[in-house]
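Written out below as structure tokens is the structure these notes cover.
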Ligand SMILES: Cc1cc2nc3c(=O)[nH]c(=O)nc-3n(C[C@H](O)[C@H](O)[C@H](O)COP(=O)(O)OP(=O)(O)OC[C@H]3O[C@@H](n4cnc5c(N)ncnc54)[C@H](O)[C@@H]3O)c2cc1C
């Protein structure tokens with residue numbers, strides 16, 4: 001072990017976004033980090049087999065970008081150099097809900113990128129770290145001490161094994177880690193879910209100049225209860241846009257361009273089909289069905305061996321319309337970095353990280369789950385409590401106020417984009433919503449064909 005590294009060897013399973021970020025984080029405290037990936041990785045920004053969602057729209061929240069930068073400084077500049085596009089989502093992407101168009105306000109910087117490009121840029125940064133090695137290998141199990149107190153390494157599909165002082169599982173939503181642990185008598189993590197049966201059909205496009213006006217570069221008009229068809233039109237890298245038809249409650253969009261336009265003609269705004277018709281395709285249409293939000297409560301497994309940690313989608317995989325997944329992977333990586341930096345020895349560190357990650361994942365799951373549970377016919381696990389009528393009324397008040405008050409629009413954006421749902425539960429914010437309810441207000445008529453033409457300053461001056 002070198003004098004600068006406190007610990008010897010960490011193994012990360014999975015070289016997708018969560019695994020790469022965790023490897024970058026661990027590399028600051030370990031002599032060596034080995035990342036094991038079953039896919040053959042190529043130096044190109046294209047979807048790959050092990051990440052089937054790669055061809056779908058991916059929005060990176062500022063929460064994720066900031067945390068990725070904290071783990072891998074310089075990443076933002078790398079992204080920009082590869083055609084990632086900086087933009088202010090709150091000011092330039094118009095959003096329609098059942099309560100109307102959210103006010104456009106000045107907000108934080110986002111960087112638009114297709115997911116495979118983001119993964120490639122992260123991978124190049126991680127590959128450049130002298131003590132990280134990415135190895136093509138498929139993991140088939142875990143090595144655990146006989147008394148089940150510690151994970152000591154991984155077993156590979158070829159029968160060989162690799163010792164590790166810490167194993168980080170980043171094998172995605174369909175992880176086999178619960179089975180690997182069960183083989184050693186460890187209980188599977190309890191799973192919570194909420195499923196509103198979301199489907200995507202994404203095509204990458206170029207937009208002609210007249211598709212959007214008034215400085216607007218994207219449009220989100222997602223489904224809401226009672227209206228199951230919507231659109232997410234979001235900037236991507238190198239002058240392209242992701243155009244995604246979104247369907248809820250098994251109203252899945254089709255796989256062909258004409259079918260998508262037809263589907264969008266019955267969506268929440270007529271603008272969707274109009275823009276889709278003008279868009280020039282640069283990819284095929286790819287569809288994806290999402291089995292709702294899933295939370296694995298790894299921190300509550302009673303007989304969990306030490307030195308094992310689950311991050312990324314293997315810990316929590318949300319309905320992606322809330323755009324949280326990659327940012328939650330980044331949040332986990334920051335915890336890995338901080339806990340390892342503070343630790344003198346590794347005992348108990350994995351559990352401490354998993355414990356600190358739990359409330360972050362819980363908050364994200366609560367946000368996605370309680371919104372999805374409002375769709376009639378949505379299903380959820382017994383341990384999930386849907387929103388009360390009072391909270392639903394407050395949610396509506398919040399949406400209406402976001403169309404009228406720049407300060408509310410900004411607070412809501414920051415809470416969602418910085419993964420701080422607690423900001424919507426402050427006394428002051430709740431009082432504001434309750435006042436709107438007490439005044440007997442209702443949703444004003446909504447003009448779905450015309451979005452706001454200007455950005456409202458935060459002080460409300462015209
Ligand atoms: C349709 C869709 C749209 C999404 N949109 C967004 C969005 O807008 N914004 C956002 O932030 N997030 C979004 N997400 C979520 C996002 O894709 C994930 O959160 C993100 O990719 C992180 O996932 P991960 O790294 O944990 O797992 P994955 O990306 O699933 O990767 C798992 C990796 O582990 C490897 N692996 C698996 N098993 C083994 C094994 N046994 N041995 C070795 N390697 C193995 C796989 O090959 C793969 O590389 C979306 C997800 C979906 C499904």
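In the UniProt record's numbering, the protein residues as written are 1 to 462.
All residues carry an ideal CB built from backbone N, CA and C; glycine is no exception.
A quick note: this is a predicted structure, and the numbers were derived from the prediction, not measured.
Burial is judged here by how many other beta carbons sit within 10 angstroms of a residue's own beta carbon; residue 397 has at least 16 and is buried.
Here residue 313 has 18, 172, 173, 325 as same chain residues with Cβ atoms under 7 angstroms from its own Cβ, once five neighbours each way along the sequence are excluded.
Its chain contains 305, 306, 307 as the residues whose beta carbon lies nearer than 6 angstroms to that of residue 150, once the 5 sequence neighbours on both sides are disregarded; these appear in chain order. In this model, residue 141 and residue 276 are separated by some 46 angstroms (Cα to Cα). Our two residues, residue 137 and residue 156, have alpha carbons roughly 7 angstroms apart in a direct line. Residue 284 has its Cβ no nearer than 7 angstroms to any heavy atom of ligand 1. Counting along the chain, residue 152 sits inside the beta strand (DSSP E) bounded by residues 151–156.
Taking each of 427, 310, 112, 229 in turn and checking the Cα distance to residue 177, the smallest one comes out for 310. By the criterion of at least three beta-carbon pairs nearer than 8 angstroms, the segment 405–422 is in contact with the segment 354–374.
Separation of residue 47 and residue 39 (C-alpha to C-alpha, rounded to the nearest whole angstrom) is 11 angstroms.
Note on the segment 359–447: whole alpha helix (DSSP H) runs with a minimum of 4 residues are 389–402, 406–417, 427–438, in chain order.
Listed in chain order, the non-local C-beta contacts of residue 56 below 6 angstroms within the same chain comprise 200, 202, 288, local neighbours out to five positions each way being set aside.
Under the DSSP assignment, residue 203 falls in the beta strand (DSSP E) whose first and last residues are 198–206. Of 232, 328, 9, the smallest CA-CA separation from residue 163 is found for 9. Taken in chain order, the whole beta strand (DSSP E) runs of length 3 or more contained in the segment 35–108 are 85–88, 93–97. In this structure, residue 237 and residue 91 do not form a Cβ contact; the two beta carbons are roughly 20 angstroms apart against a cut-off of 8 angstroms. In terms of Cβ geometry, residue 455 and residue 106 form a close pair [threshold 8 angstroms]. In this structure, 243 is the residue among 243, 315, 274, 261 with its C-alpha nearest to the C-alpha of residue 283.
Distances between the C-beta of residue 116 and the heavy atoms of ligand 1 are all 7 angstroms or more. Residue 398 has its CB no nearer than 7 angstroms to any heavy atom of ligand 1. Distances taken from the Cβ of residue 64 to the heavy atoms of ligand 1 include one shorter than 7 angstroms.
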